[in-house]
Structures are given as C-alpha cells and as structure tokens.
Amino acid sequence: MCATAIVAHDLPYKFVEFQKIRDLMKYLNPDFSPILRNTAKDDVDEMFKTEKEALKKELANIPSRISLTSDIWTACISEGYICLTAHYVDFNWNLKNNASANDVMQAHLKRQLVLQNWLLSEGEFFHVRCSARVLNLIVQEGLRVFGDALEKIRDNVKYVKGSEGRIKKFKECIELIGGVETSAGLSYDVSTRWNSTYLMLQSALKYRRVSVSLSFHDDNYKCVLMANIKDENTLIRDMDERMMIKFEKYWSDYSVVLALGAVLDTRIKLTSLEYMYEKVDPLTSTIKTNEIKQKLYTLFEMYRRLPQPFKLNLPSLEGNQVHTR
Numbered sequence: 001m002c003a004t005a006i007v008a009h010d011l012p013y014k015f016v017e018f019q020k021i022r023d024l025m026k027y028l029n030p031d032f033s034p035i036l037r038n039t040a041k042d043d044v045d046e047m048f049k050t051e052k053e054a055l056k057k058e059l060a061n062i063p064s065r066i067s068l069t070s071d072i073w074t075a076c077i078s079e080g081y082i083c084l085t086a087h088y089v090d091f092n093w094n095l096k097n098n099a100s101a102n103d104v105m106q107a108h109l110k111r112q113l114v115l116q117n118w119l120l121s122e123g124e125f126f127h128v129r130c131s132a133r134v135l136n137l138i139v140q141e142g143l144r145v146f147g148d149a150l151e152k153i154r155d156n157v158k159y160v161k162g163s164e165g166r167i168k169k170f171k172e173c174i175e176l177i178g179g180v181e182t183s184a185g186l187s188y189d190v191s192t193r194w195n196s197t198y199l200m201l202q203s204a205l206k207y208r209r210v211s212v213s214l215s216f217h218d219d220n221y222k223c224v225l226m227a228n229i230k231d232e233n234t235l236i237r238d239m240d241e242r243m244m245i246k247f248e249k250y251w252s253d254y255s256v257v258l259a260l261g262a263v264l265d266t267r268i269k270l271t272s273l274e275y276m277y278e279k280v281d282p283l284t285s286t287i288k289t290n291e292i293k294q295k296l297y298t299l300f301e302m303y304r305r306l307p308q309p310f311k312l313n314l315p316s317l318e319g320n321q322v323h324t325r
C-alpha cells in the first residue's frame, strides 16, 4: 500500500520515514513495523516490473493497432522528459492509453517498423503532428517579426511587477491619467502559449498611456512600448510570409489525415469535404477529392486483407464499394 501511495501521489521514498506518518500507522495498527526508504524503493521497483510485464502481455494480445503520441513534460525539479503514450482498443472495444516530439526519434522508429512491415502505406500516416503545437509554431514564427518590441514589453511588465513600490507607483499613474481600467493589470506571457502573449499585448496597450506617465515619474523606467516600429504594411507582410512557411511545412501532411477523418465522420462525409474544397480552391478541389478517395480505398484494402483476430458481424463489401456519401 505504501508503494502504491508513493506512485499515485508522486511522494518521495522518505515519506515512509516521516514521524507523523509512522505515528498514524501505529495508531491504526499497533502491530505496524516501520520500514525504511530503501525498502519502499525496492517495493516500487517490484511493482514497476510487475506492471511492465502485465502491460507487455496485454499489448501482445490486443486485436487492434497501437497509436503513439509524444509530448514534452517538465518534472517538478525542472528536468525534461519525452512522454510516450500508447493508445489502443482492447477486446471489449474500450479505448485505452498508457502514458509513458522528436523528429529524430520518430524517424528512427518509423524505419524500424517499416522494416518489420508493421505500418500501413509504408508509414505514410505514421507521424501526425499535434495541431495545437503546429498552430503555436505558426503564431510564434509570426511573432518573431515583433521580437524586439515584444522583449521590450516583457521587460516593462517585469520591471513594474518587480516590487511592491513599483506596483504602487504604477497605480498612482493610473489614477493620475484617469479613464483607465484598474482591475485588469499587466500580465506576463508564457513562451509556449501564444494566447498568453496576446493577453500580455492586450493589457500593455490598455496601459500604454500609463506607461508613458510612469516614464516621467520613474527615472529607472524607460517607455519602450512599440518604439521605433517599422512601417505597418511591411511588418505585416513579413509576418505573413514567415507564418506561411511554417504552415506549409507542418500542415500539408496533416491536412490529409484530417480529411480522412472527416470522410469517416458520419456528420461530414465526402460530400461536405468536396463542398469545402470547392469553396477554398475550385481549381484543385477535384484533384484533392480524388486523392483522398484513393487513399481511403488503399487503406480499406490493406485492412481488408489483414487476418482478423476475432470475427465481427459486418455486412460484406464487394470490390471497392466504400460508401462515402
């Protein structure tokens, strides 16, 4: 039980040596014998080995394929990890995942799986990037155009919020200016969340006049909000070009996977996809639609030829009669 509690709540091994914990255990069970941290570590290691073997047996017997997703985690001690999660459907048709983006890693893994003939379409759909991550990369690339201005705004926010005295002086400037909302306040941004950068800019613009006022009342403060900014049209054009490069790099392959999912979605199907392709680009709509249909037929044939681990009561399909409408 102690090992389970340590794993479930991310506790240190010395948890079992805390005096109050031992007192509690003794109160609940007078015959309780205290254990040492090394014993707790050994118990956790044994539990890990047992769970690992059980998972290996389960994965070896599942009837479906396994989808892998990766993410970057940061531990409480600031160490970085690549977390690999396996998603699969068990015999009871329950979706499972076991939490355990790296281009080098996925490329190496793909090569090994292709050699074993374990991937469909030679691994064409093996690596599907996270759409939220792609969107963040696109936005961050666009924000690089404003890099200098953003850094100055961040410095302003850090300076104002760096001490109680500066915050007080900033509030005094708000009262002096008047007509400025006082409840919102300045906000920091987080480099991995582009929406936080938007909120930081929004608050900075709201207090722009206050920042100018503060520059006159605080000799150590420099008003640098959007200083020396270039021509707006040139700036926006440069930002757009940077974002399009990122978009074309990451989104072209991913859009095919989204289209395949849309056709399989009973709420959308191929008819709606054709309509959207026609609205976006009439010149290439037919080519794109035929490409998606061909990929669906290819995937269907591959799955049809696979040996079935269990029998399903499905209607028979002759040839390529895939109902997409």
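Using UniProt numbering, you'd call the opening residue of the sequence shown number 1 and step up by one each time.
Glycine residues also receive a C-beta, built at the ideal position from the N, C-alpha and C atoms.
- Arg-166: member of the alpha helix (DSSP H) spanning 164-177, first to last residue.
- The residue from Pro-12, Thr-4, Asn-29, Arg-65 with its alpha-carbon nearest to that of Thr-50 is Thr-4.
- Per DSSP, the beta-bridge partners of Ser-70 are Leu-84.
- Looking at the backbone, the Cα of Met-276 and that of Arg-267 are separated by about 14 Å.
- For Arg-193, the three-state secondary structure derived from DSSP is strand.
- Going by DSSP, Gly-147 is part of the alpha helix (DSSP H) stretching over 147-160.
- A contact is defined here as three or more CB-CB pairs under 8 Å, and the segment 52-70 fails this definition with respect to the segment 18-30.
- Three or more Cβ pairs closer than 8 Å define a contact, and the segment 195-203 falls short of that threshold against the segment 161-172.
- Between Met-239 and Val-145, the CB-CB gap stays under 9 Å.
- Within the same chain, Cβ atoms closer than 6 Å to the Cβ of Glu-278 are found at Ser-285, the five residues on either side in sequence being excluded.
- In summary, Val-210 is buried, with 16 or more beta-carbon neighbours lying within 10 Å of its beta-carbon over all protein chains present.
- Per the C-alpha coordinates, the member of Lys-269, Ala-86, Ala-40 positioned closest to Ala-60 is Ala-86.
- When DSSP states are grouped into helix, strand and coil, Asn-136 belongs to the helix group.
- Residue burial annotation: Met-1 is exposed, with fewer than 16 other C-beta atoms found within 10 angstroms of its C-beta.
- Residues of the same chain with a CB within less than 7 Å of the CB of Val-44, apart from the 5 flanking positions on each side, are Ala-3, Ile-6, Val-7 in chain order.
- In the three-state scheme derived from DSSP, where H, G and I count as helix and E and B as strand, Asn-290 is classed as helix.
- Distance from Phe-247 to Ile-138 at the Cβ level is roughly 5 Å; contact confirmed, criterion being Cβ atoms closer than 8 Å.
- Taking 8 Å as the upper bound for CB-CB distance, Ile-292 and Ala-259 are in contact here, some 5 Å apart.
- Assignment of Phe-300 by DSSP, reduced to helix, strand and coil, places it in the helix class.
- Just measuring C-alpha positions, the residue of Asp-281, Leu-296, Val-160, Lys-52 sitting nearest Lys-269 is Leu-296.
- For Asn-136 and Pro-282, the gap between their C-alpha atoms comes out near 29 Å.
- In this structure, Arg-37 sits away from Lys-20, with a CB-CB distance that is not shorter than 9 Å.
- The C-beta distance from Glu-274 to Thr-289 rounds to 5 Å, short enough to fall under 8 Å.
- Inclusion of Tyr-188 and Lys-161 in the CB contact set at 9 Å is warranted, their separation being smaller than that value.
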